[in-house]
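Count along the sequence shown starting at 1, add 538, and that's the number in this note's numbering.
Just below is one structure, and these are the notes that go with it.
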Amino acid sequence: MFVNDSSPSLRLTHFSVQGLFGEFNHSIPLCKDEHITALIGPNGMGKTVCLRLINSLFHHTWMTFQTTEFKKIEFQFNDKSVIQIDKPDNVDGETDVSDTMGLRFVTLIPGDKPDTWFPRSRNLSGFRRPLEQYLPFLTRIGPRSYVHDNTRQIMSIQEILANYADRLPESILRAYSEPPSAKLEKIISQIDCHLIETQRLLVFEADEFRKSQGSTLAISHKANVLKEIIANDLAVYASTSQSLDRSFPKRVLQEWKILPSENIRENLAKLDDIRKGLMDAGILDPEVDDALPPLEVTDNAIAAVLSVYIQDSEQKLNVLTKLKQRIQLFINLINSRFFPKKISVDKKKGFSVERQENSNTQLQDNSPPCVFDVPLEKLSSGEQHQLVLFFELLFELKKNALILIDEPELSLHVAWQKQFIPDLLRIIRLNKFNVLLATHSPQLIGEWEDIVVELGKVDLIEGREDHRK
């Protein structure tokens, strides 16, 4: 879930790889000001591989480095720490390379001695986890081998763990990856990293003990997640309310700062507006005759009661402010894309989608349009992807998280591509995270040249318009 205050401030500032696929050297500085960096380049340059290598470091997926051809990889952070990875031929007799994965991690922390760590191979002969439970396109054909149902590619367990780490539960990845050294873990544990692949519409439950082999659409799962988020925030709201209500009489008697009558009326009106916003966001139930009527406050006793009431109400409602802001932006982003469909949020369903239609007769007599519920699974793949993506960015990240997005344009028509980065910046201003994305789309980049890192020559001029406003 989204965490705003306890997240670390450590940030990846630069990633580089030498000898990728035996021929490419890439240097990728991450933009500090805009918090978005866009990788562009021809096919085959390794944009997606760079994203997977970055993600693998923060998820302990050492097999990705083992199965990828490179000479040296380096991660630089804003505290001047550095992590270097290479594949040494020998280790000066100190370590038996045959007992390791053939990888060397060197951690450089300012003021500390360099830390060198060699991840050791783990025996997978006892691997009994049903990977097809999480990856239904795989069929087991041997004790340690699977076949991909679509491509017919035969894959080992090592290859599966390396290529599909983002779809597997953390418990499986960590069970078959040796824990890093203490100094290495000190750095990577501070970065909350997520790889978002464009076509990922299925979510696989992370409960290693679950008996069901089924999967659920990610979009339906997100609706349930939002329902839980609202319930949790309302529980905090109720607890805060009970605490303040218990001490309300005492604080009224002790109140020395009584608001003037004009300020009381003004603040009561503001509270009504805040409540209306929370009701529109689906967090609070609609109230009936709850608003106070217009009044002139001339009695000090009444003024004291209302002054404390205003202070308490502001404190109670502030508990829900951040959730309201995220829901409002979520609704705005989705409704601007889904017209004539419309998304709504409520605490019972999480969110739902409906469609309004006017018949010719209704248009003539100005009667209300017909409203039809749209099952979430009936949304187009592009609509589902946009909804899931924006939901994850708004509700499931820690502050200062690192988000890796691979080719977001694949499920976006041109109008959505042009609006993607401006909308991403709106979310970043609210949630404070960093993005590294890989794209081929000139429309998606628009005029945002200052966020672009080229991996090979690409012409982005054709079809460009000015979208920075």
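The beta-carbon is built from N, C-alpha and C at its ideal position, and this holds for glycine as well.
Find the nearest neighbour of residue i within the set the options, judged by alpha-carbon distance.
i	options	result
residue 580	562, 786 and 594	562
residue 719	610, 646 and 705	646
residue 653	725, 760, 848 and 777	725
residue 798	814, 773, 840 and 768	840
residue 612	669, 886, 671 and 554	554
residue 609	599, 627 and 948	627
residue 907	894, 692, 917 and 730	894
residue 621	643, 984 and 603	643
residue 593	933, 730 and 789	730
residue 590	987, 992, 976 and 818	976
residue 911	863, 880 and 760	880
residue 788	806, 847 and 773	847
residue 732	875, 641 and 595	595
residue 950	978, 668 and 810	978
residue 889	768, 711, 964 and 657	768
residue 625	619, 656, 648 and 649	656
residue 806	599, 850 and 781	850
residue 588	922, 876 and 701	701
Put residue i into one of helix, strand or coil per three-state DSSP.
i	result
residue 924	helix
residue 980	helix
residue 622	strand
residue 586	helix
residue 876	helix
residue 689	coil
residue 676	strand
residue 989	helix
residue 946	helix
residue 709	helix
residue 916	helix
residue 862	helix
residue 821	coil
residue 647	coil
residue 941	strand
residue 595	helix
residue 975	strand
So residue i and residue j are in contact, right, with Cβ under 8 Å, and what is the actual spacing, rounded?
i	j	result
residue 838	residue 812	The Cβ separation is near 26 Å, so there is no contact.
residue 972	residue 573	5 Å
residue 678	residue 684	5 Å
residue 883	residue 820	4 Å
residue 935	residue 758	Not a contact, Cβ separation roughly 20 Å.
residue 854	residue 779	5 Å
residue 577	residue 974	7 Å
residue 928	residue 871	5 Å
Ends of the beta strand (DSSP E) at residue i?
i	result
residue 849	Looking at the DSSP string, residue 849 is not in any beta strand (DSSP E); the run it does join, the alpha helix (DSSP H), is 838-856.
residue 693	692-694
residue 655	653-655
residue 815	Where residue 815 is concerned, there is no enclosing beta strand (DSSP E), although the alpha helix (DSSP H) it sits in stretches over 799-818.
residue 725	First-last for residue 725: 720-726, but that is the alpha helix (DSSP H), not the beta strand (DSSP E).
residue 684	683-686
residue 576	574-578
residue 732	731-735
residue 564	562-567
residue 608	Note, residue 608: premise wrong, no beta strand (DSSP E); not H, not E.
residue 551	550-558
residue 671	Neither: residue 671 is in no beta strand (DSSP E) and is coded neither H nor E.
Name the two residues that bound the continuous alpha helix (DSSP H) containing residue i.
i	result
residue 601	600-605
residue 616	No alpha helix (DSSP H) contains residue 616, which DSSP labels as neither H nor E.
residue 961	952-969
residue 767	756-784
In whole angstroms, what is the alpha-carbon distance linking residue i and residue j?
i	j	result
residue 953	residue 982	9 Å
residue 681	residue 961	47 Å
residue 566	residue 869	34 Å
residue 886	residue 764	10 Å
residue 708	residue 939	17 Å
residue 557	residue 601	18 Å
residue 942	residue 925	17 Å
residue 605	residue 582	17 Å
residue 844	residue 802	7 Å
residue 659	residue 584	26 Å
residue 651	residue 721	10 Å
residue 688	residue 615	40 Å
residue 494	residue 551	Within the shown structure, residues of the chain are numbered from 539 to 1007, placing residue 494 beyond reach of any answer.
residue 694	residue 623	24 Å
residue 771	residue 617	34 Å
residue 672	residue 705	7 Å
residue 696	residue 619	30 Å
residue 823	residue 917	28 Å
Taking only beta-carbon atoms, is residue i less than 7 Å away from chain D?
i	result
residue 977	In the structure shown, chain D does not exist; there is a single protein chain.
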